[in-house]
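Residue numbers (this note's numbering): 59 to 1037. For reference, the structure discussed in these notes is given below.
Below is the structure:
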């Protein structure tokens, strides 16, 4: 269900299996609560590794930061393990694990079961039939029987149970070696969670299959519209001509998707979903002795079976570049992909990761300094897939204006030459290690990071090499420059796949055609006895914690600037923000000036020197220019606070004009703008802004190309030198006392005796919808994407509880009315949502937004389906109570901490509030009735005119169809983007 993810080299905790020249930490054993576990002394996560009597792995990491737990249930089987004749099968099964069992998801199992058995047989017949007319006849039978079976099914009952217990982030993903199911639950919901999960994996039933099949078709078609996804699959096919990494895509081939087999899916489940091939991971606030006892009791029914893991063939060496091309409408780019030793090769895994950081670490790597900082191309980066058998390491590049992809290739290869020759300072290794230590401290704050790291270890080596993982930093610190050059000379030569992503029509593209599907019943008010049993299980309520802005934030002065202070009592990290109440609305060239700052030097230091210095002290600076605010952020280790603040202030106040640098920046900016026009997501965002504000809107409030080219380095430098003179506040989160921060910032950060005020901001007025309208942008794609936009009334804080509950009920998440209807019942889209959007300023207005992404040949049905929901709000008492329970439990377990306290306070001020609005929302939510949602829907949503924002291919949509929805206006890219 979740898109396949890319593991970037960014933190030690995400890189598994390590080599150390000294012995790795030694496993220790302990016993607590009657259960033995293994652990690694010095493990910052203090992870406990249990193996239950049936072989089930349980890994627990306690983090008391919030009263929530990130849970993962993982299976060591993904697309690698698919039968060659049924690719995509593991991914299908992942979807079906949300459909329930004989105990939940069914109104009457005795009546439903024979119908599901019949459907399974029909699919088997369908799978073996080649005559097209006969296949259509069989599918009509499948559709008919499925409709009857659905009358006994309760769609999304799994999601309802999880939502009702306060779970968040319900999802799953399938990748080459894994299938992982995730939930973020309140700490008090452990018993309920385990009851549901134990049943979920005990007896999964593959109900409502043909509408879920259509959702997978939609997912496949979305992939066909994604040039990055096509590049990924093409590079793997070339790198792995015999291994399943390259021969079996996770989502499956079109031919196999058209011929699913429920029998084969069941075989896959029976073969791989066994306790000795699975792990349950908890990271968060819980008692480990209690949890392990409860997990054991819940999953002891599982019986172990021998599991034969996929063992891929050994690929023959690549002796010369393999050249491939991918075509599509998105921007051109290039990739050099190398097949490297896998994660089980502990020595080379460490070396590969050090090499990756030497090449690119965001500040001081070879690509960073020699290519990006010197603007020799638009952008260079690396990526890493650290799988078991092999890793895939890629260098990626985008061309600037008047530069060929071959020029980019030569630049990337030049950095590999520099790496092989050792053209880097050995001190970089120490800096890398220090920055990884910083990343580790930051990663420990996140339950999700902890859980994902532990699951990655289980997938790759069953957690057996966790001692190497814990020793990763030590191992990396022992790597020498010679180790790096030897590795590069051995593994990074002409043994790569060269992949060109070119702009143009993909003549090989073939979509998965829409099968005829009759909408099925979802029985949204029905509840199984199992759901009722789980709901009745006792749980200790969590008391919500409200912010007290007067107590939680200390206020003072740092020179003339207001200082907002929150102390970090957990670790040695700091974050310092300079916040300006001005942004793009006040000055359209401010963003360009701050981009120039990242590339500027001073009389004392070059730009490269400054990047190196920040990296050497494990600190960083970033700038974020929004519409009405600009924030400069410095972060790192408190011990280097003075150095970081002084270095940034030196750069800001002493940066010098360099027309050559600005010329390069202009070139890259113009190319980025051109690339944005090729991106469908950017086009859709532009259409939404046009629909919300009209022809002149925040999205196209841009410098024209002529204005951009007229900028001078001297003008930008003067603007930067003057920036600290403009009124701004200082926000600090860190371990230092307020008094020391106040004095240090006043001493290190140059400010005037009295601030200048920012320029006034451009005001935008939301459009008034007087009639239905269609804004259309043509884009070469298989799917069509539609946003509904309608502006409504002005902000009213007293409506917040109603708005939040309405969104939970109507259009947020897999248990919402919109998702159940559009995807589960009618199979019209893979992705869909609708919500009543709240403004961020007290003088702004609400808006209604809805979305459907569907195959172009289904878009008319999808629009009609969404319009029916926008017209009539379906009533479901059970869904209403579930939405309310989820909303209240989410507030109960939410903890706003660190500098988030300050930013929540500033957000409240913009809305005219002086207290934590969650308190009134929580209290009001318990009093709301469905009639309150109905009133909002009738007053602001139903029967109202909308602007339809549609991005699709003119070749796949009929112009007359668009006219049915309103007056059609086809927008040019210049009208959308403003340049």
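The beta carbon of each residue, even a glycine, is placed where N, CA and C say it ideally should be. Source: prediction; values computed, not measured.
*Looking at the structure shown, is residue 1015 part of a helix, part of a strand, or coil, going by DSSP?*
Numbered from 1 along the chain shown, position 957 holds the residue referred to as residue 1015. Three-state DSSP puts residue 1015 in coil, outside helix and strand.
_Alpha carbons only, please: which of 871, 742, 591, 549 is nearest the one belonging to residue 836?_
On the chain shown, residue 836 is found 778 positions in, with the first residue counted as 1. Nearest option by C-alpha distance: 742.
*Return the CA-CA distance between residue 1052 and residue 543, expressed in angstroms with no decimal places.*
Nothing in the structure corresponds to residue 1052, since the chain is present only between 59 and 1037.
*Report the residue from 924, 900, 894 whose alpha carbon sits nearest the alpha carbon of residue 876.*
The residue you call residue 876 lines up with position 818 of the chain shown. The residue with the shortest Cα to Cα distance from residue 876 is 924.
*On the three-state DSSP scale, how would you describe residue 206?*
One-based indexing of the chain shown puts residue 206 at position 148. DSSP places residue 206 in the helix class (H, G or I) of the three-state scheme.
*Relative to the alpha-carbon of residue 917, which residue among 889, 480, 901, 896 has its alpha-carbon at the smallest distance?*
Translated into positions along the chain shown, residue 917 becomes position 859. Nearest C-alpha to residue 917 among 889, 480, 901, 896: 889.
*Beta-bridge pairing of residue 385 - partner residues as DSSP gives them*: The sequence position of residue 385 within the chain shown is 327, counting from 1. In the DSSP assignment, the residues bridged to residue 385 are 560.
*CA-CA distance, residue 666 and residue 431?*
Taking the first residue of the chain shown as 1, we reach residue 666 at position 608. Taking the first residue of the chain shown as 1, we reach residue 431 at position 373. Their Cα atoms are separated by approximately 7 Å.
*asked:* residue 931 and residue 1093 - do their beta-carbons sit closer together than 8 Å?
replied: No answer is possible for residue 1093: it lies beyond the span of the chain, which begins at 59 and ends at 1037.
*If I'm right that residue 476 touches residue 422 with Cβ under 8 Å, what's the distance once you round it to whole angstroms?*
As a position in the chain shown, residue 476 is number 418, starting the count at 1. As a position in the chain shown, residue 422 is number 364, starting the count at 1. By a beta-carbon distance limit of 8 Å, residue 476 does not contact residue 422. Their separation comes to about 14 Å.
*By DSSP, does residue 638 sit in helix, in strand, or in coil?*
Translated into positions along the chain shown, residue 638 becomes position 580. Strand at residue 638.
*Which residues DSSP lists as bridging residue 241, in chain order*: Residue mapping note: residue 241 aligns to position 183 of the chain shown, counting from 1. BP columns for residue 241 point to 129.
*Examine the ligand COA and report whether any of its heavy atoms sits within less than 7 Å of the Cβ of residue 522.*
Questions concerning the ligand COA fall outside what the structure shown contains, since it holds no ligand whatsoever.
_Among 277, 401, 453, nearest to residue 414 - alpha-carbon criterion_ = Here residue 414 refers to the residue found at position 356 when the chain shown is read from its first residue. Nearest of 277, 401, 453 to residue 414, Cα basis: 453.
_Can you tell me whether residue 172 is helix, strand or coil according to DSSP?_
Looking up residue 172 in the chain shown gives position 114. For residue 172, the three-state secondary structure derived from DSSP is helix.
*Let me know the secondary structure DSSP gives residue 524 once reduced to three states.*
For this step, residue 524 is matched to residue 466 along the chain shown. The three-state secondary structure of residue 524, taken from DSSP, is helix.
*Looking at C-alpha atoms only, which residue of 158, 887, 396 is the closest neighbour of residue 552?*
On the chain shown, residue 552 is found 494 positions in, with the first residue counted as 1. Ranked by Cα distance from residue 552, the first of 158, 887, 396 is 396.
_Where residue 79 sits in the DSSP three-state scheme_ = Numbered from 1 along the chain shown, position 21 holds the residue referred to as residue 79. A caution first: residue 79 carries a pLDDT of 49, below 50, which makes its placement in the model unreliable, though a value can still be read off. Correct three-state label for residue 79: coil.
_Endpoints, the alpha helix (DSSP H) within which residue 302 is located_ = In the chain shown, residue 302 corresponds to position 244, counting from 1. Segment 302-305, the alpha helix (DSSP H) holding residue 302.
*Buried versus exposed, by CB contacts within 10 Å (16 or more), residue 158*: As a position in the chain shown, residue 158 is number 100, starting the count at 1. Buried, by the Cβ-count rule.
*residue 162 by DSSP, collapsed to three states: which one?*
Residue numbering aside, residue 162 sits at position 104 when the chain shown is read from its first letter. Reduced to three states, the DSSP call for residue 162 is coil.
*Tell me the start and end of each unbroken beta strand (DSSP E) in the segment 876-912 that is at least 3 residues and wholly inside, in chain order.*
Scanning the segment 876-912 for uninterrupted beta strand (DSSP E) segments of 3 residues or longer gives 889-895, listed from N- to C-terminal end.
*Rounded to whole angstroms, how far is the Cβ of residue 181 from the Cβ of residue 319, which I believe are closer than 8 Å?*
Within the chain shown, numbered from 1, the residue matching residue 181 stands at position 123. Within the chain shown, numbered from 1, the residue matching residue 319 stands at position 261. Distance from residue 181 to residue 319 at the Cβ level is roughly 6 Å; contact confirmed, criterion being Cβ atoms closer than 8 Å.
*Neighbour-count burial assignment, residue 79, 16 or more Cβ in a 10 Å radius*: The residue you call residue 79 lines up with position 21 of the chain shown. Caution is warranted here: a pLDDT of 49 is assigned to residue 79, below 50, making its placement in the model unreliable, and no coordinate value can be reported.
*Quick one: what's got a C-beta closer than 7 Å to residue 109's C-beta in the same chain, skipping five residues either side?*
In the chain shown, residue 109 corresponds to position 51, counting from 1. Within the same chain, residue 109 has close Cβ partners 115.
_Could you check whether the segment 124-140 touches the segment 495-513, counting it as contact only if at least three pairs of C-beta atoms, one from each stretch, sit closer than 8 Å?_
Result yes; three or more Cβ-Cβ pairs closer than 8 Å.
*How many angstroms separate the CA atom of residue 296 from the CA atom of residue 305?*
Against the chain shown, residue 296 aligns to sequence position 238. Against the chain shown, residue 305 aligns to sequence position 247. Taken atom to atom, the span from the alpha-carbon of residue 296 to that of residue 305 is near 9 Å.
*Residue nearest to residue 721 in terms of C-alpha spacing, selected from 434, 784, 98, 136*: On the chain shown, residue 721 is found 663 positions in, with the first residue counted as 1. Comparing Cα-Cα distances from residue 721 to each of 434, 784, 98, 136, the minimum goes to 434.
*What's the C-alpha gap between residue 847 and residue 821?*
Counting from one through the chain shown, the residue named residue 847 turns up at place 789. Counting from one through the chain shown, the residue named residue 821 turns up at place 763. Roughly 20 Å between the two C-alpha positions.
*Leaving aside the five residues before and after residue 1022 along the sequence, list all residues of the same chain whose C-beta is less than 7 Å from its C-beta, in chain order.*
What you label residue 1022 is simply residue 964 of the chain shown in a count that begins at 1. The beta carbon of residue 1022 is closer than 7 Å to none in its chain, skipping five residues each way along the sequence.
_Range covered by the beta strand (DSSP E) that runs through residue 109_ = Your numbering for residue 109 matches position 51 in the chain shown. Looking at the DSSP string, the run of the beta strand (DSSP E) that includes residue 109 is 106-109.
*Ignore the nearest five residues each way along the sequence and tell me which others in residue 558's own chain have a CB closer than 8 Å to its CB.*
Position 500 of the chain shown, counting from 1, holds the residue named residue 558. The beta carbon of residue 558 sits closer than 8 Å to the beta carbons of 381, 382, 383, 384, 390, 392, 463 from its chain, once the five residues preceding and following it are set aside; these are given in chain order.
*Roughly how many angstroms lie between the CA atoms of residue 111 and residue 124, to the nearest whole one?*
Your numbering for residue 111 matches position 53 in the chain shown. Your numbering for residue 124 matches position 66 in the chain shown. Roughly 32 Å separates the two Cα atoms.
*Leaving out five residues before and five after residue 349 in sequence, what residues of the same chain have Cβ atoms less than 7 Å from its Cβ?*
Looking up residue 349 in the chain shown gives position 291. Same-chain partners within the cutoff: 118, 248, 340.
_C-alpha distance - residue 1007 paired with residue 427, whole-angstrom precision_ = Working through the chain shown from its first residue, we reach residue 1007 at position 949. Working through the chain shown from its first residue, we reach residue 427 at position 369. Between residue 1007 and residue 427, the C-alpha separation is close to 41 Å.
_N- and C-terminal bounds of the beta strand (DSSP E) containing residue 813_ = Looking up residue 813 in the chain shown gives position 755. Residue 813 -> no beta strand (DSSP E), and no H or E assigned at all.
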